[in-house]
Amino acid sequence: MIYEALVAMGEKVSYISTVKANIAGKAYDTGFHVTTPSPFFIQRSIHRAVQAGCKYFVLETTSHALDQLRVWGCHYRVAALTNITKEHLDYHKSIEAYGKIKLQLINSADIAVVNADNPTQYLFKHLIKNKNIWFSSVRKKADFTFSELTNSTLQSLSGFQRENALLAYGVLRVLGFKKRQILGPLAHFKGVEGRLDYIEKGGKRFVVDFAHTPNAYLRLYEYIEHAYSYKRLIHVFGCAGLRDKQKRPVMGRYAAQHADVIILTEEDYRTEPLENIFNNIEAGIKKEKHHEKDVGYFCIPNRLNAIKKAISLARKDDLILLTGKGHEKSLARGKHEDDWYEYDAIDKALAS
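Throughout the sequence shown, residue numbering follows the UniProt record's numbering, covering 1 to 352 in sequence.
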């Protein structure tokens, strides 16, 4: 969103994100399941951007990248923090350790813009040392509030979309842009591939989203329930193998609370048995006691077959939600990566 707004305002910009990298107008692949790539890729990209005359470089920076010094040597003019939630705990072990790593970015930047609506902010506020910090909030008094986004299109946003738009607005403001310059570009933002993508095909309705954490599920359900009317929600998802196992039952429970039909399937299971992953998720589903196996929820190992099952179950006005893959172009099975693209899978499933 920040990148698109800067481009719309006539600035020369490069960026690296979970979806892709665009350096001086040329797209680059960052690799499988990568948000912040290697330090060599980052430094080469910044060098190319500078040579091409780019004034801004937007770099999505993960906690792994900070901890592993992938961004060592990068000086951030502005750092933005959306939230700190219980994720990547397989790596960081605790939310406290995770938060401390994320705050390294905030404390080392010249200017920081932080989402004050982050539910865990109380755990980390005392660790923020940056004196040049600005807060954004859609719910309370802050340096940047949602009332400033007076464009009617922006006012129609809900939930985390509001928080993200306001945070982007705050970043652009501290960079020196005027309100009147920013509102138009933010309002015309088209979204990101694999994020909240609504599709109508073959008489069926789909939402494709990259969500793969408990917090992302809650926010996604909130958005869907506000944005769409439907009779039943059919949710197709899985959890990554060899990754945070604590989140699996939580995600299963959230799915049981919000989805009418659940279809568990593969999502980069790597070398972990799918049965283990399904069992972990099912533990959460069973706690809610709303879904009977093979009636209200199903376990279908092959993701394409799972999507076919969702399509076969979907009736008029039902909505099929596909999460976990989004924009990605591969699926980790065993020790190798198979070609996979969620949008192509929908087409194949509809055609079969």
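By construction, the Cβ of each residue, glycine as well, lies at the ideal position given by its N, Cα and C atoms.
Please read these numbers as outputs of a predicted model, since none were measured by experiment.
{"Item": "With three or more beta-carbon pairs closer than 8 Å as the criterion, would you say the stretch 64 to 73 touches the stretch 13 to 30?", "Value": "no"}
{"Item": "Are at least three pairs of beta-carbons, each pair with one atom in the stretch 316 to 323 and one in the stretch 222 to 239, less than 8 Å apart?", "Value": "yes"}
{"Item": "Taking just the CA atoms, how far does G191 sit from L313?", "Value": "29 Å"}
{"Item": "Between which two residues does the alpha helix (DSSP H) containing L186 stretch?", "Value": "K179 to A187"}
{"Item": "Quick check on DSSP: helix, strand or coil for L233?", "Value": "strand"}
{"Item": "In chain order, which alpha helix (DSSP H) runs of at least 4 residues are fully inside the UniProt domain \"Mur ligase central\" (1 to 152)?", "Value": "2 to 8, 39 to 51, 63 to 67, 89 to 92, 95 to 108 and 121 to 124"}
{"Item": "Leaving aside the five residues before and after S158 along the sequence, list all residues of the same chain whose C-beta is less than 8 Å from its C-beta, in chain order.", "Value": "E222, Y223, H226 and A227"}
{"Item": "For F189, which option in D117, K141 and L166 has the closest C-alpha, if you only look at C-alpha atoms?", "Value": "L166"}
{"Item": "Using only alpha-carbon positions, find the residue among A112, A259, R333 and L6 that is nearest to D268.", "Value": "R333"}
{"Item": "If you run the structure through DSSP and keep just helix, strand and coil, what is F278?", "Value": "helix"}
{"Item": "Do C299 and L264 have their C-beta atoms closer together than 9 Å?", "Value": "yes"}
{"Item": "Return the chain-ordered ranges of every beta strand (DSSP E) run that is complete within the stretch 271 to 350 and spans a minimum of 3 residues.", "Value": "297 to 299, 319 to 323, 330 to 333 and 336 to 339"}
{"Item": "Just the Cα atoms here: how many angstroms apart are V78 and A168?", "Value": "11 Å"}
{"Item": "For N215, which of Y254, T271 and V113 has the nearest alpha-carbon?", "Value": "Y254"}
{"Item": "Could you give the first and the last residue of the continuous alpha helix (DSSP H) run that contains R248?", "Value": "K247 to H258"}
{"Item": "Taking the continuous beta strand (DSSP E) assigned at R205, which residues delimit it?", "Value": "K204 to D209"}
{"Item": "Spell out a yes or no on whether the stretch 96 to 105 and the stretch 238 to 256 are touching, meaning 3 or more CB-CB pairs, one atom from each, closer than 8 Å.", "Value": "no"}
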